[in-house]
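In the working numbering, the protein residues as written are 702 to 768.
Note that CB positions come from ideal geometry on N, CA and C, so glycine has one too.
Note that the coordinates shown come from a computational prediction; the quantities given were computed from them, not determined experimentally.
For reference, the structure discussed in these notes is given below.
The following block contains the structure:
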């Protein structure tokens with residue numbers, strides 16, 4: 702199972718999702734200033750580390766998929 706980190710710098714928030722979450726777009730390589738950056742991460746340890754190292758002020762885990 703892969704994980705996806707969504708970093709939206711416009712609202713200073715990073716959210717960790719599972720790859721099958723309904724909030725994750727089909728094209729995770731898409732990004733811009735307002736919607737943010739979607740990064741696919743292969744394993745759980747790296748995903749949690751990426752969330753902690755994110756420059757965003759608010760670091761959250763998705764409430765829908767609960768990674």
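Determine, using beta carbons only, whether residue 709 and residue 757 come nearer to each other than 9 Å. Against the chain shown, residue 709 aligns to sequence position 8. Against the chain shown, residue 757 aligns to sequence position 56. The answer is yes: Cβ separation under 9 Å.
Return the Cβ separation of residue 699 and residue 761 in integer angstroms, given the expectation that the two are a contact with Cβ distance under 8 Å. This structure cannot settle anything about residue 699, because the visible part of the chain is limited to 702 through 768.
Run through the DSSP bridge pairs and tell me what residue 704 is partnered with. As a first step, residue 704 must be located in the chain shown, where it is residue number 3. Bridge partners of residue 704: 719, 742.
According to DSSP, is residue 709 helix, strand or coil? Locating residue 709 in the chain shown gives position 8, counting from the first residue. Correct three-state label for residue 709: strand.
Local conformation of residue 761 per DSSP, three classes: Here residue 761 is taken as the residue at index 60 of the chain shown, counted from 1. Strand at residue 761.
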